[in-house]
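Participant: First the structure, which I've put down as structure tokens, then a few questions once you've had a look.
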Amino acid sequence: MYNLCSLPILNSIVNLDLDLTDDCNMRCVYCFKGEKKPHRMSISVAKEAVSWLIKASAKSTSININFMGGEPLLEWDVIEQLVPWAKQISETHGKSISFSLTTNLTLMNEHIRSRFDEWNFGVLMSIDGTEEVQNKQRPTIDGISHFDGMMHWAKSMLRTRPQSDARITITARYADKLMDGVRFLHDTIGFRNFVIAPADISVWDHKDKNKWLDISRDLRNYVIESYSDNSSNYVNISVFTYYAKEMNENTNVIRKSTCGAGKGYLMIDYVGDIWGCHRFDGSCDSQGYGKRLSFGNIFNEHFNHSLHKCFLDMDHARTKHDRCSNCTLFKNCGGGCPAANLEETGSIYIQNENRCWYNNVMYSHTKFILNKIGNRFVHAVC
């Protein structure tokens with residue numbers, strides 16, 4: 156049973172990633188988890204993690220479990236046992252529980268598909284665009300392309316959850332294929348919403364940046380065109396919607412951080428170790444930190460309240476780098492993803508300069524979009 160002394164006391168936890176496995180049936184060239192290992196979470200650890208969350212959520216009446224990996228569908232048997240139990244146990248404590256999952260779609264079948272609708276799962280679909288890019292950036296361990304099957308299930312999922320995101324990871328090598336991928340996923344598959352994430356941006360050189368200026372301009376114009384006919388067949392890119400919301404709020408308050416990682420949102424891995432989010436175990440490994448940035452373990456008599464306070468007190472205005480002072484994004488930035496910062500600069504507070512550059516480019520495109528289609532865009536995303 157989880158240990159009561161492993162619970163936080165400074166802030167309630169309402170969102171929890173469960174890393175069901177470190178393993179995956181793909182070998183993506185950019186994976187932040189690093190070397191794949193056959194670690195898997197038992198149903199007993201998963202249940203204790205849910206019980207821990209119920210207690211850690213204190214007086215909050217709504218909690219969320221997000222299944223991660225590796226590829227979480229490798230552990231479908233754990234998910235199928237856990238969800239009904241978690242619903243029942245949450246209800247007995249006066250809480251509603253929701254579920255989400257990030258998947259590469261290669262292990263989907265009709266049974267899993269029906270369960271997702273039955274349980275009202277939120278699903279983030281990880282697809283890198285066209286079949287060419289998908290197969291080169293995300294090779295499978297069996298060497299077989301599963302692209303047609305993935306597209307079948309993507310279309311199926313969109314029929315009942317049309318606002319679902321496609322997560323596209325871009326690398327410098329295949330960045331010039333991005334627009335082909337977005338057009339295909341929008342026009343042929345039916346995605347309207349995209350999360351586009353640069354994977355290797357810390358090593359982009361001058362040539363890569365110049366290429367991105369052209370690509371991102373095309374992306375911006377594609378968004379504008381999608382709104383031009385007043386139909387519902389629009390395209391939204393998460394970074395544009397993020398900055399549009401920030402600008403629409405028109406506040407002088409400086410965003411302290413970018414997300415709830417390490418605050419009201421944590422991750423529990425297969426042995427019960429507690430981390431700031433699903434990226435921190437991999438980032439700590441790559442930087443040689445080991446478990447120094449772990450909050451503890453749900454079965455042990457300790458929770459690192461000092462580390463928790465560091466995350467809760469994270470304040471971009473106070474921890475900013477020297478170059479932040481004259482940056483146009485200073486108010487809206489939040490200091491970047493702390494896990495990515497750790498991996499790229501060795502500090503959760505310092506963002507890689509290339510990532511700062513990227514964000515400024517995307518911010519300027521958002522301003523252009525608002526100048527062109529302001530009311531329609533703001534109404535759709537804000």
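Everything in the sequence shown is counted per this note's numbering, starting at 156 for the first residue and increasing by one.
Every residue, glycine too, gets a C-beta built ideally from N, C-alpha and C.
Report yes or no: do three or more beta-carbon pairs, one from the region 420 to 436 and one from the region 490 to 500, lie closer than 8 Å?
Facilitator: Contact holds: three or more Cβ-Cβ distances are below 8 Å.
Participant: Pick from Glu230, Ile379 and Thr261: whose alpha carbon is nearest that of Met305?
Facilitator: Of the candidates Glu230, Ile379 and Thr261, the one whose C-alpha sits nearest the C-alpha of Met305 is Thr261.
Participant: Within this structure, are the beta carbons of Asn365 and Gln318 separated by less than 7 Å?
Facilitator: No, the Cβ-Cβ distance between Asn365 and Gln318 is not below 7 Å.
Participant: Within 10 Å of its beta-carbon, does Asn221 have 16 or more other beta-carbons around it, so buried, or fewer, so exposed?
Facilitator: Flag for Asn221 reads buried.
Participant: May I ask you to list the residues that DSSP assigns as paired with Phe454?
Facilitator: For Phe454, which the question treats as bridged, DSSP gives no partner whatsoever.
Participant: Rank Arg473, Thr176, Gly298 and Cys537 by C-alpha distance to the C-alpha of Lys188 and give the top, closest one.
Facilitator: That would be Thr176, whose Cα lies nearest to the Cα of Lys188.
Participant: Jot down the residue ranges of each uninterrupted beta strand (DSSP E) in the region 247 to 310, minimum 3 residues, whole runs only, in chain order.
Facilitator: Those beta strand (DSSP E) runs which fall completely within the region 247 to 310 and span 3+ residues are 251 to 258 and 277 to 281.
Participant: Return the first residue and the last residue of the alpha helix (DSSP H) that Arg375 is part of.
Facilitator: Taken as a continuous stretch (DSSP letters only), the alpha helix (DSSP H) holding Arg375 covers His361 to Tyr382.
Participant: Ends of the alpha helix (DSSP H) at Arg531?
Facilitator: Per DSSP, Arg531 belongs to the alpha helix (DSSP H) from Glu508 to Val536.
Participant: May I ask which residues mark the beginning and end of the alpha helix (DSSP H) holding Arg473?
Facilitator: Looking at the DSSP string, the run of the alpha helix (DSSP H) that includes Arg473 is His471 to Thr474.
Participant: Between the C-alpha atoms of Pro163 and Val169, what's the straight-line distance to the nearest angstrom?
Facilitator: Distance between the alpha carbons of Pro163 and Val169 is about 12 Å.
Participant: Going by C-alpha to C-alpha distance, which of His460, Gly490, Thr483 and His463 sits closest to Arg473?
Facilitator: Cα-wise, what sits closest to Arg473 is Gly490.
Participant: Between Glu508, Glu230 and Leu368, which lies nearest to Pro193 when the distance is taken from Cα to Cα?
Facilitator: When each option's Cα is compared against that of Pro193, the closest is Glu230.
Participant: With a 10 Å radius around its C-beta and 16 neighbouring C-beta atoms as the bar for buried, classify Pro239 as buried or exposed.
Facilitator: Pro239 is exposed by the Cβ-count criterion.
Participant: Flag this pair as touching only if the region 328 to 347 and the region 356 to 371 have three or more C-beta atom pairs under 8 Å; answer yes or no.
Facilitator: With a cut-off of 8 Å, the region 356 to 371 and the region 328 to 347 count as touching, because enough Cβ pairs lie within range.
Participant: Helix, strand or coil: which one does DSSP assign to Pro353?
Facilitator: Strand, per DSSP.
Participant: In whole angstroms, what separates the C-alpha of Asp538 from that of Ala321?
Facilitator: Residue 538 cannot be examined here, being either before or after the span of the chain that is shown, 156 to 537.
Participant: Between Val533 and chain D, is any beta-carbon pair separated by less than 7 Å?
Facilitator: In summary, chain D is missing from the structure at hand, where a single protein chain is found.
Participant: Assess, as a yes-or-no matter, whether the region 513 to 526 is touched by the region 395 to 409 under the definition of 3 or more beta carbon pairs within less than 8 Å.
Facilitator: Taking 8 Å as the limit for Cβ pairs, the verdict is that the region 513 to 526 does touch the region 395 to 409.
Participant: Helix, strand or coil for Leu107? Go by DSSP, reduced to three states.
Facilitator: As displayed, the chain neither begins before 156 nor continues past 537, which places residue 107 out of reach and without an answer.
Participant: What residues match up with Thr324 in a beta bridge as DSSP calls it?
Facilitator: For Thr324, which the question treats as bridged, DSSP gives the partners Ala352.
Participant: What are the residues that DSSP puts in a beta bridge with Ile218?
Facilitator: DSSP output for Ile218 lists Ile252 as bridge partner(s).
Participant: Among Val378, Trp512, Met469 and Gly443, which one has its Cα closest to the Cα of His361?
Facilitator: The option with the nearest alpha carbon to His361 is Trp512.
Participant: On the three-state DSSP scale, how would you describe Ala416?
Facilitator: Strand, per DSSP.
Participant: Between the region 372 to 383 and the region 409 to 425, do at least 3 Cβ pairs fall closer than 8 Å?
Facilitator: The answer is no - the region 409 to 425 does not touch the region 372 to 383, with fewer than three Cβ pairs under 8 Å.
Participant: Which residue's Cα is closest to the Cα of Gln289: Met181, Arg510 and Tyr425?
Facilitator: Ranking Met181, Arg510 and Tyr425 by Cα distance to Gln289 puts Met181 first.
Participant: Tell me which residue opens and which closes the alpha helix (DSSP H) that Leu497 is part of.
Facilitator: From DSSP, the alpha helix (DSSP H) with Leu497 extends over Pro493 to Thr500.
Participant: Looking at the structure shown, is Thr176 part of a helix, part of a strand, or coil, going by DSSP?
Facilitator: Three-state DSSP puts Thr176 in a strand.
Participant: Taking three-plus beta-carbon pairs below 8 Å as touching, is the region 523 to 534 in contact with the region 497 to 510?
Facilitator: At 8 Å Cβ cutoff, the stretches do not touch.
Participant: CB-CB under 8 Å to Tyr185, same chain, minus the five flanking residues each way: which ones, in chain order?
Facilitator: These residues qualify, in order along the chain: Gln292, Thr324, Thr326, Ala354 and Asp355.
Participant: Can you tell me whether Ala213 is buried or exposed, with buried defined as 16 or more other CB within 10 angstroms of its CB?
Facilitator: It is exposed - the Cβ of Ala213 has fewer than 16 other Cβ atoms within 10 Å.
Participant: If you draw a straight line from the C-alpha of Ser215 to the C-alpha of Asn526, how long is it?
Facilitator: Cα to Cα, Ser215 sits roughly 40 Å from Asn526.
Participant: Can you name the start and end residues of the alpha helix (DSSP H) that Gly198 belongs to?
Facilitator: The question names Gly, but residue 198 is Ile in the sequence shown. Where Ile198 is concerned, the enclosing alpha helix (DSSP H) stretches over Ile198 to Ala211.
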